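Only one structure is covered here, and it is reproduced in the block below.
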Amino acid sequence: MKLAEHIRSGIGFGLTSSIITTIGLMVGLFSGTHLRIAVIGGVITIAIVDALSDAFAMHISQESTGNESARDIWASTFSTFGAKFFFAIIFIVPVLFLELSTAIIVSIAFGLFLIAVFSVWIARSQNKNLANVAGEHLLIAIAVIVLAYLAGVWIAGIFG
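Adding 5 to a residue's 1-based position in the sequence shown gives its number in my numbering.
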């Protein structure tokens, strides 16, 4: 892979993973606690820890192939971290400025919008059907959101 492909791969992985993980966490924490501080703490924690964790995992994954240069491996590592951190931390904005239930809805809509836009870019760059690619990605994202909501409700019911 060329350097640009490593960067694009890191950004694509980081964008998708951070959006799904952050929204899932937010929805789960909201449905389980309805506490703004829990959601804010979760977003900040996930932005830092998950970004570092996945960047490290990307680094190890790239290194394990034995086919990549150190420069390309670090490009994947840093682009993964940057994308994961940025696309996670932006979800704190609605939580800071809106009523919590509204912030969750806005975050879900914004996250699904970003996934749709990225999916369209993928489909166009690979000459694939836009509806199929975006539909598949959005369906997976929605499934994660629903499962996170149900997990939060279940946890609150058991431990709340």
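C-beta atoms are modelled at their ideal positions from N, C-alpha and C, and glycine is treated no differently. Fair warning: this is a prediction, and the values are worked out from it, not measured in the lab.
Tell me whether residue 4 sits in a helix, a strand or coil according to DSSP, three-state version.
-> The question about residue 4 has no answer here: the residues shown for the chain are numbered 6 through 165.
So residue 67 is in the alpha helix (DSSP H); what residue range does that whole segment cover?
-> By one-based count along the sequence shown, residue 67 stands at place 62. Counting along the chain, the alpha helix (DSSP H) containing residue 67 begins and ends at 56 to 70.
Since residue 55 and residue 93 are thought to touch, with beta carbons under 8 Å apart, how far apart are those beta carbons, to the nearest angstrom?
-> Position 50 of the sequence shown, counted from the start, is the residue given in the question as residue 55. Position 88 of the sequence shown, counted from the start, is the residue given in the question as residue 93. Their Cβ separation, rounded to whole angstroms, is 7 Å, which keeps residue 55 and residue 93 in contact under 8 Å.
CA-CA distance, residue 72 and residue 11?
-> Start at 1 with the first residue of the sequence shown, and residue 72 comes out as number 67. Start at 1 with the first residue of the sequence shown, and residue 11 comes out as number 6. Approximately 13 Å between the Cα atoms of the pair.
Excluding the five sequence neighbours on either side, which residues of its own chain have a C-beta within less than 6 Å of the C-beta of residue 68, listed in chain order?
-> Translated into the one-based positions of the sequence shown, residue 68 becomes position 63. Once the five neighbours on either side are set aside, the close Cβ partners of residue 68 are 78.
For residue 7, three-class secondary structure by DSSP | Start at 1 with the first residue of the sequence shown, and residue 7 comes out as number 2. Three-state DSSP puts residue 7 in coil, outside helix and strand.
Could you tell me the distance, in whole angstroms, from the CA atom of residue 13 to the CA atom of residue 20?
-> Residue 13 sits at position 8 when you count from the first residue of the sequence shown. Residue 20 sits at position 15 when you count from the first residue of the sequence shown. The straight-line gap from Cα to Cα measures roughly 10 Å.
How would you label residue 58, buried or exposed, when you count the other beta carbons within 10 angstroms and need 16 or more for buried?
-> On the sequence shown, residue 58 is found 53 positions in, with the first residue counted as 1. By the neighbour-count rule (16 or more Cβ atoms within 10 Å), residue 58 is not buried but exposed.
Length at least 4, wholly inside the segment 83 to 134: the alpha helix (DSSP H) runs in chain order | 97 to 102 and 105 to 130
Report yes if the CB atom of residue 27 is closer than 8 Å to the CB atom of residue 115, and no otherwise.
-> Looking up residue 27 in the sequence shown gives position 22. Looking up residue 115 in the sequence shown gives position 110. Cβ distance not < 8 Å, so residue 27 and residue 115 don't count as in contact.
Quick one, are the C-beta atoms of residue 157 and residue 47 less than 8 Å apart?
-> Sequence index remark: in the sequence shown, residue 157 carries index 152 (1-based). Sequence index remark: in the sequence shown, residue 47 carries index 42 (1-based). The answer is no: Cβ separation not under 8 Å.
Run through DSSP, which three-state label would residue 73 get?
-> The residue labelled residue 73 in the question sits at position 68 within the sequence shown. Residue 73: coil per DSSP, three-state reduction.
Within 10 angstroms of the Cβ of residue 133, are there 16 or more other Cβ atoms? Answer buried if so, exposed if not.
-> Against the sequence shown, residue 133 aligns to sequence position 128. The residue is exposed, with fewer than 16 neighbouring Cβ atoms inside 10 Å.
Does the beta-carbon of residue 130 have 16 or more other beta-carbons within 10 angstroms, so that it is buried, or is it exposed?
-> Sequence index remark: in the sequence shown, residue 130 carries index 125 (1-based). Classification of residue 130: exposed, given that the 10 Å Cβ count is below 16.
What distance in whole Å lies between the Cβ atoms of residue 15 and residue 85, which are believed to be in contact at a cut-off of 8 Å?
-> As a first step, residue 85 is located in the sequence shown; it is residue number 80 there, counting from the start. As a first step, residue 15 is located in the sequence shown; it is residue number 10 there, counting from the start. With 8 Å as the limit, residue 85 and residue 15 qualify as a contact, their Cβ atoms being about 4 Å apart.
Give the secondary structure of residue 37 by DSSP, where H, G and I count as helix, E and B as strand, and everything else as coil.
-> The count along the sequence shown starts at 1 and reaches residue 37 at position 32. Note: residue 37 maps to helix in three-state DSSP.
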